[in-house]
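When you read off a place in the sequence shown, starting at 1, and then add 8, the result is the number in my numbering.
Here a beta-carbon is modelled for each residue, glycine too, at the ideal position from N, C-alpha and C.
Below: the structure, in structure tokens.
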Amino acid sequence: MTAIRTRMSEMPRWAGWMALGLTGLLMAVLLVVALGQPPVVATGPEVAAAGDLVSYQRIVERMRGGEGYYAAAHEVLVADGYGVTSVFNWRLPGWATILSSLPEGWPQGGLAALALGGLLLVFGMLRADGPAVAGIGTLAVALSLAGLAAPESVVFSEVAAGTLILVSVAAYGNGWRWAGLLAGLAALFLRELAAPYLVVALLLALRERRWREVAGWLAGLVLFAGYFGWHWWMVSQQLGPDDPGYAEGWVQFGGLGFVLATAGFNGLVSLAPEWLTALLLPLALLGLWASAKGGRALWTVLSFVTLFLVVGKPFNAYWGRSTRRC
């Protein structure tokens, strides 16, 4: 029987035990957070996500009736009690435009096909580590994609962006760098929350001195800056003096409690208690660190964990939809 090669199998025994000890320590800390603190979200992230779902569906329906995105979004957001004075309360128009332009059911089918392609890429990436590792790894990713079976999941741009990040990471793992670059940029243009992944990808390209790839990422970021500037201007054209806003900003320092809440929005794990997320997250980080090809995914997850330690209001826990695919 061929031994499974991992980072831990190639390091001194004491270092392996240290990695396991740190994983256990992180589990203990997260369990204390999960079991010993009051819930981070008073109304529950599911409630917030359900409210956003209805609003986004109404926006898409109005667009199908011929209304422009920004006019439709302004009317729906104000009517549903959202603050609109910050551009970050407005989704980028790309995903809503796609949803409103395609027949019902097609976007979900397209996302399912994209997710299937991502799973095949994950299997191909892990195949060199043996069939057991490839099968278990692919199954774990598939469980995080289970939410795609719900028709309403397609409304969230976080789901589309997260699926594209999965495809990008797995494409890089198979050596398809330009496919990975294009998928990563597509994720950013659908949801600006994909930005941490692009920072990771750019830094990895710089470290490996892949200058053409660096130029590709930088060109994409410049294009996105122009696109977001246009989005900002379009939002400003909709605002009136009486439009509502939020007194608090996006920097909330939600800490590990908010990280656990976002991690819990993860396919079938969303049905489990938060203490299980507290156990699974450190194990996932350990698995990515131990895998020879898990570095990109590991740094991606850590970048989002760092972001969610600081940024995000309590009801934004469903942002985890954009990161769970890694």
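*Within the same chain, show all residues whose beta-carbon is closer than 6 Å to that of residue 212, passing over the 5 residues directly before and after it, in chain order.*
none
*For the segment 54-99, which segments carrying the beta strand (DSSP E) assignment without a break, of at least 3 residues, lie completely within its bounds, in sequence order?*
Counting whole runs of 3 or more residues, the segment 54-99 contains no beta strand (DSSP E) stretch at all.
_Which same chain residues end up closer than 6 Å to residue 182 when comparing Cβ atoms and leaving out the 5 residues on each side of it in sequence?_
129, 132, 133
*Assuming residue 324 contacts residue 152 (C-beta within less than 8 Å), just tell me the rounded distance between them.*
With 8 Å as the limit, residue 324 and residue 152 do not qualify as a contact, their Cβ atoms being about 19 Å apart.
*Own chain, CB closer than 7 Å to residue 343, minus 5 neighbours either side, in chain order*: Since the first residue of the chain shown is 9 and the last is 334, residue 343 is not available in this structure.
*Determine the extent of the alpha helix (DSSP H) in which residue 116 is found, giving its start and end residues.*
114-134
*Residue from 78, 185, 180 whose Cα sits closest to the Cα of residue 101*: 78
_Rounding to the nearest angstrom, what Cα-Cα distance links residue 263 and residue 25 in this structure?_
27 Å
*Could you spell out the range, first to last residue, of the alpha helix (DSSP H) harbouring residue 240?*
219-246
*Kindly list the residues whose CB is nearer than 8 Å to the CB of residue 172, restricted to its own chain and excluding five residues on each side of it in sequence; keep chain order.*
122, 191, 192, 194, 195, 198, 202
*Return the residue from the list 240, 271, 112, 281 that minimises the CA-CA distance to residue 65.*
112
*Give me the Cα-Cα distance between residue 39 and residue 318, rounded to the nearest whole angstrom.*
20 Å
*asked:* Would residue 252 and residue 41 qualify as a contact pair, given that the criterion is a beta-carbon distance under 8 Å?
replied: no
*Beta-carbon separation of residue 260 and residue 320 under 8 Å?*
With respect to residue 320, residue 260 sits close: the two C-beta atoms are nearer than 8 Å.
_Extent of the continuous alpha helix (DSSP H) to which residue 254 belongs_ = From DSSP, residue 254 is part of no alpha helix (DSSP H); its letter is neither H nor E.
*Taking only the alpha-carbon atoms, compute the straight-line gap between residue 310 and residue 88 and give it to the nearest angstrom.*
34 Å
*Close Cβ partners of residue 127 (< 7 Å) along its chain, the five nearest in sequence each way excluded*: 146, 149, 150
*What residue range is occupied by the uninterrupted alpha helix (DSSP H) comprising residue 283?*
282-298
*asked:* Excluding the 5 residues flanking residue 107 on each side, which residues of the same chain have their C-beta closer than 6 Å to its C-beta?
replied: 68, 115
*Determine, using beta carbons only, whether residue 177 and residue 308 come nearer to each other than 8 Å.*
Yes, they are a contact pair.
*Proximity to residue 224 [Cα-Cα], best of 34, 165, 185*: Nearest of 34, 165, 185 to residue 224, Cα basis: 185.
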